[in-house]
Amino acid sequence: MSPLPLITAQTEEKLLAFLTEHGHTKFRAQQVLDWVWRKRVTTFDAMSNLPPALKNLLAEHFRFHTPEIVEIHGSADTTRKFLTKMEDGSLVESVIIPAAVAENGEKSERVTLCVSSQVGCAFGCKFCASGLLGLKRHLTTGEIIGQILSAETIAEKRVNNIVFMGMGEPLSNFDNLADALEIITSHRGLEIGARHITISTSGFVPGLKKLAAYPRQIRLAVSLHGATDEVRDQIMPVNKKWPLSQLIPVLEEWSRGRNQMPTLEYILIRDINDSPKDASHLVRIAKRLHAKVNLIPYNTVEGLPWKRPSEERCRSFRDAVHKARIPVTMRYEKGHDINAACGQLRLRKEQEKNGSTPR
Ligand code: SAH
Ligand code: SF4
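Each residue of the sequence shown is one higher than the one before, counting from -8 in our numbering.
Quick look at the structure:
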C-alpha cells in the first residue's frame, strides 16, 4: 500500500475539493491550512477547533512528514548546505544563504533557500555534478516543500526567498513545481511573494512555454553559459534539441505581458566561454532580451576537466559586459569550500557509498 499523501503537499484548491467532496465547507479548508501553515502543528489532533470527525477524516487520508536531515555543512552566518534523505533513501541537497548586509549597512532579514527539484538531472550539462549520475526521479511537491520546512528547522528562521537552483531541471517537473509554487506563494500557505522566487532553467523550451503561460510573476534565470550554439553545444546537450534560435523567442514570449527581465546566468569556464568575443555575443543576446547578466566563476567539480579563469580574466569579461550598459553582477559562490555548487554534495556522498574515494 502506498503511503498517504502529505497534508503539506496539498494546494488550497486540492484540499478544498477533498473536503467539499466529504461534505465540509470552505471555512474548514481555511481552518486546516491555518493550522498547517500559520500555527505549524504537526498532528491532526492538535487542530483543536475542528470537530473530531473531521480530524479523523484528515488522519485517514493524509499524514505529516518532514525529510530526515542527514548532514549539515557550514555555520549559521555563512552559507549552509544540508542533505536530506527522502523516504526511498534518495539524497537531496539544499543550501541556506543567510542575510546579506544591505547597502545601508543594516543586516537584511533575507533568508534565501536554494532548493532541488529532482534527484539528479537528465540534462547532463558537461560541467555540472548533478548531471553526472543522471536522473533518478522527480521530487514530489511534498519533497520540494519539505526542503523549506527542514531549512526552517535548521536556520530557526522563516525562509523568505527561494531559488530553484539546486539539483535538477525544475521546468521538466512542471506539475509538481506548479503545486509547490501555489503552496509557497499562497497567503494560506508559506506566503512568500512570487517576486521572491526564482526558477532557473538550462533552456528546456517546452517547460518555458508553460511558464510563459503561468500567471504568477515568478522570476526567471536562464543558465545560458554560452552565447553561441557552438559553445552551448559543447557543454550543454539541451542546446542540440533546443538551440538559441528556439530558446530566445520563447524567452521573449515569457517577457511579453509581464514587467520582468530574465537574468542570464553565465558560468565563466577557462578557455571555453571567457574570451572578449564571447562577451560581445553575450551582450547581443542580453540587449535583445533586456536581460540582466549574472557571471559565476566556475566551481571546480572533482573528476571534471573544467577550470575557473583567472580573476583578471573574469573581471575583464565583466567589464566588457558592463561597458555595453548591461546590468551585470559577478557572484563568487559563497559555498565554494563546502561543495555548494549544484549536486556536488550528493555526488560525494554517492561516491562514498559506492566505495570510490573522494578527494
Ligand atoms: N537545472 C537548472 C537549475 C539548477 S542548476 C539550471 O541548469 O539552470 C543552478 C545553476 O548552477 C545553473 O546555472 C548551473 O549551470 C550552475 N552550476 C552547475 N554546476 C556548476 C559549477 N560547477 N559551478 C558553478 N555553477 C554551476
Ligand atoms: Fe541539470 Fe542544471 Fe546541472 Fe544542467 S546545470 S545538468 S540542467 S542541474
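Cβ atoms here follow ideal geometry from the backbone N, Cα and C, with glycine treated the same way. As the structure is a computational prediction, the values presented were derived from the model and not from experiment.
Ligand 1 heavy atom lying under 8 angstroms from the CB of residue i
i	result
E256	yes
C116	yes
T291	yes
C119	yes
F165	no
F155	yes
P253	no
I135	no
P(-4)	no
P300	no
I287	yes
P89	no
P267	no
P161	yes
Bridge partner(s) assigned by DSSP for residue i
i	result
I190	F155, L211
P288	L259
T320	N285
S85	F73
T254	A212, K283
L(-3)	R54
Integer-rounded CB distance, given that residue j should sit under 8 angstroms from residue i
i	j	result
M156	C116	M156 to C116, Cβ: 13 angstroms. No contact.
A212	T189	5 angstroms
H55	T(-1)	Residue 55 is actually Phe in this sequence, not His. Confirmed, about 7 angstroms.
L10	F53	Incorrect: roughly 11 angstroms between the Cβ atoms, too far for contact.
Y257	N285	7 angstroms
R316	Q251	With a Cβ gap of about 19 angstroms, R316 and Q251 do not count as contacting.
H187	I153	7 angstroms
K375	P318	Not covered by the structure: residue 375. The range shown for the chain is -8 to 350.
G160	Q109	According to the sequence provided, residue 160 is Glu. The question's Gly does not apply to it. With a Cβ gap of about 7 angstroms, E160 and Q109 count as contacting.
Contact test: residue i Cβ vs ligand 2 heavy atom, cutoff 8 angstroms
i	result
V229	yes
M158	yes
S85	no
G122	yes
C112	yes
S81	no
S191	yes
S214	yes
Ignoring anything shorter than 4 residues, give me the alpha helix (DSSP H) runs that lie fully in the stretch 29 to 70, in order along the chain. 43 to 52
Taking 8 angstroms as the cut-off, does the stretch 120 to 129 touch the stretch 40 to 58 (at least 3 CB pairs, one atom from each stretch)? no
List in chain order: all unbroken beta strand (DSSP E) runs of 3+ residues lying wholly within the stretch 96 to 175. 103 to 105, 109 to 111, 126 to 129, 152 to 155
For the stretch 66 to 74 against the stretch 84 to 91, do three or more pairs of beta-carbon atoms, one drawn from each stretch, fall closer than 8 angstroms, so that the two count as touching? yes
State whether the stretch 248 to 261 contacts the stretch 294 to 309, with contact taken as three or more CB pairs (one from each stretch) at a distance under 8 angstroms. yes
Whole alpha helix (DSSP H) elements within the stretch 215 to 245, 4-residue minimum: 220 to 226, 229 to 232
With a cut-off of 8 angstroms, do at least 3 Cβ pairs link the stretch 163 to 180 to the stretch 127 to 137? yes
Closer than 8 angstroms is the cut-off here; do at least three beta carbon pairs connect the stretch 218 to 225 with the stretch 269 to 281? yes
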